[in-house]
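What follows is a single structure, written as structure tokens, with notes after it.
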Amino acid sequence: MDTINIKIIESVIVIIAYILLRIILSKLIDRTIINKIVQKQRGKIIKKAINLIFFSTCSIFLLIIWGVDQSELALFISTVLTVIGIALFAQWSILSNITSSIIIFFNHTVKLEDTITIIDKDYEIEGRVSDIGLFFVILKTKESEEVSIPNNVFIQKMIKKKINV
Numbered sequence: 001m002d003t004i005n006i007k008i009i010e011s012v013i014v015i016i017a018y019i020l021l022r023i024i025l026s027k028l029i030d031r032t033i034i035n036k037i038v039q040k041q042r043g044k045i046i047k048k049a050i051n052l053i054f055f056s057t058c059s060i061f062l063l064i065i066w067g068v069d070q071s072e073l074a075l076f077i078s079t080v081l082t083v084i085g086i087a088l089f090a091q092w093s094i095l096s097n098i099t100s101s102i103i104i105f106f107n108h109t110v111k112l113e114d115t116i117t118i119i120d121k122d123y124e125i126e127g128r129v130s131d132i133g134l135f136f137v138i139l140k141t142k143e144s145e146e147v148s149i150p151n152n153v154f155i156q157k158m159i160k161k162k163i164n165v
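Numbering (UniProt numbering), first residue to last: 1 to 165.
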């Protein structure tokens with residue numbers, strides 16, 4: 001086999017792996033949405049973010065397969081990441097909230113309509129979870145007030161969850 005055929009086979013393997021990972025991930029997110037009573041819109045946002053990461057990785061592999069010099073590729077990627085890092089440095093909390101949103105989506109026991117108490121050293125907040133978004137968790141209190149808590153703060157606090165028996 002000549003090198004072009006090998007590169008085509010490697011490219012096909014990378015693309016098939018990308019498609020399979022995307023399908024598996026999509027089913028995992030859909031199952032999580034059903035089990036945790038999470039808004040479908042949130043699932044779509046999570047899917048888009050993870051698909052972007054998979055697509056970028058797949059593109060890098062394809063560029064390496066087809067002979068882009070790795071040092072040039074590394075230079076390009078580091079340059080792009082540096083520009084993005086500088087541009088978003090002032091907005092680090094946005095990235096932190098998005099990352100926290102993904103953690104809440106997959107690993108947190110709290111879901112929509114749960115009644116919880118957030119324990120803080122200065123005060124406690126009790127309410128019903130009315131929305132879990134990409135940046136905030138919204139609680140409705142007994143006094144009919146809405147309290148929005150940034151996701152990165154939400155995952156750092158101790159939470160009491162009322163369980164219906």
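We treat Cβ as the ideally placed atom computed from N, Cα and C, and that holds for glycine. Computed from a predicted model, the values in this text were never measured in an experiment.
Assigned exposure category for residue i - 16 Cβ within 10 Å defines buried
| i | result |
| --- | --- |
| N97 | buried |
| I29 | buried |
| L20 | exposed |
| F76 | exposed |
| I132 | buried |
| I8 | exposed |
| N35 | exposed |
| N151 | buried |
| I46 | buried |
| I6 | exposed |
| I116 | buried |
Under the three-state DSSP convention, the category residue i falls into
| i | result |
| --- | --- |
| F136 | strand |
| D30 | helix |
| V68 | coil |
| E10 | helix |
| S130 | strand |
| T82 | helix |
| I159 | strand |
| T117 | strand |
| V147 | strand |
Short Cβ contact (8 Å threshold) for residue i with residue j
| i | j | result |
| --- | --- | --- |
| S26 | I65 | no |
| residue 221 | I15 | This structure cannot speak to residue 221, because the chain is shown only from 1 to 165. |
| V147 | L134 | no |
| residue 215 | I50 | Look at the range of the chain in this structure, 1 to 165, and you will see that residue 215 is not part of it. |
| L112 | V137 | no |
| K48 | D114 | no |
| I118 | I159 | yes |
Cβ neighbours of residue i in the same chain (closer than 7 Å, five flanking residues each side left out)
| i | result |
| --- | --- |
| Y18 | F54, C58 |
Touch test, the stretch 120 to 133 against the stretch 51 to 70, Cβ-Cβ under 8 Å, three pairs minimum: No, they do not touch.
I'd like to know if the stretch 101 to 112 and the stretch 54 to 65 are in contact, where contact means that at least 3 CB-CB pairs between them fall below 8 Å. Not touching, per the Cβ criterion.
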